[in-house]
Every structure is written in structure tokens, then in C-alpha cells.
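J.: Pasting a structure below so you can have a look.
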Amino acid sequence: MTRHGPINSPFQDAQLPVQVRIAAAWTSFMLIYIYVDILNFYKPGVINGILAGRIWEFDIGSTLLTLFLGSVSIPAMMVWLSMTLPVRVNRFTNLIVATLLIPYSIFNAAGEFWDWAPFYGLSIGLELLLLAFILRSAWTWPRTHFDAAIATSDRLRQ
Numbered sequence: 780m781t782r783h784g785p786i787n788s789p790f791q792d793a794q795l796p797v798q799v800r801i802a803a804a805w806t807s808f809m810l811i812y813i814y815v816d817i818l819n820f821y822k823p824g825v826i827n828g829i830l831a832g833r834i835w836e837f838d839i840g841s842t843l844l845t846l847f848l849g850s851v852s853i854p855a856m857m858v859w860l861s862m863t864l865p866v867r868v869n870r871f872t873n874l875i876v877a878t879l880l881i882p883y884s885i886f887n888a889a890g891e892f893w894d895w896a897p898f899y900g901l902s903i904g905l906e907l908l909l910l911a912f913i914l915r916s917a918w919t920w921p922r923t924h925f926d927a928a929i930a931t932s933d934r935l936r937q
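Numbering (the working numbering), first residue to last: 780 to 937.
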């Protein structure tokens, strides 16, 4: 095992598999995503709007709630998928989904007033930081000798 830090340190820096690190990032993303929605209830007028049957500009109905469930299910499913998919599919799926969620995360600030900029700035910033970590982890996923040999032989054939 590789040790980091001073030799006399009693602690060992365990290297976690990429799948675990990505799943942990998706879990953190989900927690922030959920808490932003929960904390949003404290904004003046939000609960009254919900009681009146409206969320933001939309009427509350089965279609809207199904769309909301679908949108929150994507990162939730990525926790599971990051731990269970085969490596190549896992890497590709994380690259695609994290990339698609970047504009979706930024959209959360649409229509908000400047007095809420710190709240949305922090929440969006944290979400983007986690998505960047996921993208970097998936992009730099370590290759095995076997994968490197296949890539080399493919290049030689061309």
C-alpha cells in the first residue's frame, strides 16, 4: 500500500475504487438537491403557492409531479448504477448524465430574485463542483494493462 504524509503517521490513506468515489459524489449531489428543495419551502409565499395548487409557474398535477420524480430519480439512480454497471458502460453513463445535469442545475436559478442569489449561488456551485468531480473521475478512470494493450493494438492496426 502507498503511504501519504509523514512516515511516522499512524493513519493509512486507503485508495477507494472509482465506482465508490463516484457513487459518493452522486449521494452528496442528491442530498444537496433534496435539501435545496426542502429549504425552498421557507421562502415567503412558497407554501401558500403550493396550497393554492401552483409551483413556480406551473399548476400542480400528476404530470408535474411525475416530471419532478423523474428529475430527482436520475441522480438517485446514478448512485446505484455507479456501483453496479460494467466499467465501460459506467464510465460512459457518468460522463453523459453529469454533462446533461450541468445546465439543469444552472436552471434552478431561473426566475429568482437577486436577494436569493447567495442561496442559489451556493447550491448551484456545490452541485457543479460535484458534477465536475464526477466528470473528472469518469474521464480519468484508470485503465488496466489489458485495456492499454487493446488500445495500442487498435492504434497499430490503423
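We put the CB at the ideal spot given by N, CA and C, even for glycine. Predicted model, so just to flag it, every value in this text is computed and none were measured.
Could you pull the DSSP bridge partners for PHE837 from this structure?
T.: Reading the sequence shown from its first residue, position 58 is the one you call residue 837. Paired residue(s): ILE834.
J.: At 4 residues or longer, what runs of the alpha helix (DSSP H) sit wholly inside the segment 859-935?
T.: 866-886 and 896-918
J.: Select from PHE898, VAL851 and PHE820 the residue whose C-alpha is nearest the C-alpha of LEU880.
T.: The residue you call residue 880 lines up with position 101 of the sequence shown. Closest by alpha carbon: VAL851.
J.: Between GLN798 and MET862, is the Cβ-Cβ spacing less than 7 Å?
T.: Counting from one through the sequence shown, the residue named residue 798 turns up at place 19. Counting from one through the sequence shown, the residue named residue 862 turns up at place 83. The answer is yes: Cβ separation under 7 Å.
J.: Which class does PHE820 belong to by DSSP, given the choice of helix, strand or coil?
T.: Counting from 1 along the sequence shown, the entry for residue 820 is found at position 41. PHE820: coil per DSSP, three-state reduction.
J.: Do you know how far the Cα of PHE871 is from the Cα of ASP816?
T.: Against the sequence shown, residue 816 aligns to sequence position 37. Against the sequence shown, residue 871 aligns to sequence position 92. Approximately 29 Å, taken between the alpha carbons.
J.: Are the segment 806-814 and the segment 903-923 touching, with three or more C-beta to C-beta distances below 8 Å?
T.: yes
J.: Please tell me whether ASN873 and ILE913 are closer than 7 Å, where the distance is taken between their beta carbons.
T.: For the purposes of this step, residue 873 is taken as residue 94 along the sequence shown, with counting starting at 1. For the purposes of this step, residue 913 is taken as residue 134 along the sequence shown, with counting starting at 1. Judged by their CB atoms, ASN873 and ILE913 are nearer to each other than the 7 Å cut-off.
J.: As a quick exercise: from THR845, PRO921, THR878 and ILE839, pick the residue whose alpha carbon is nearest that of MET857.
T.: Numbered from its first residue, the sequence shown carries residue 857 at position 78. If we check each option's Cα against that of MET857, THR878 comes out closest.
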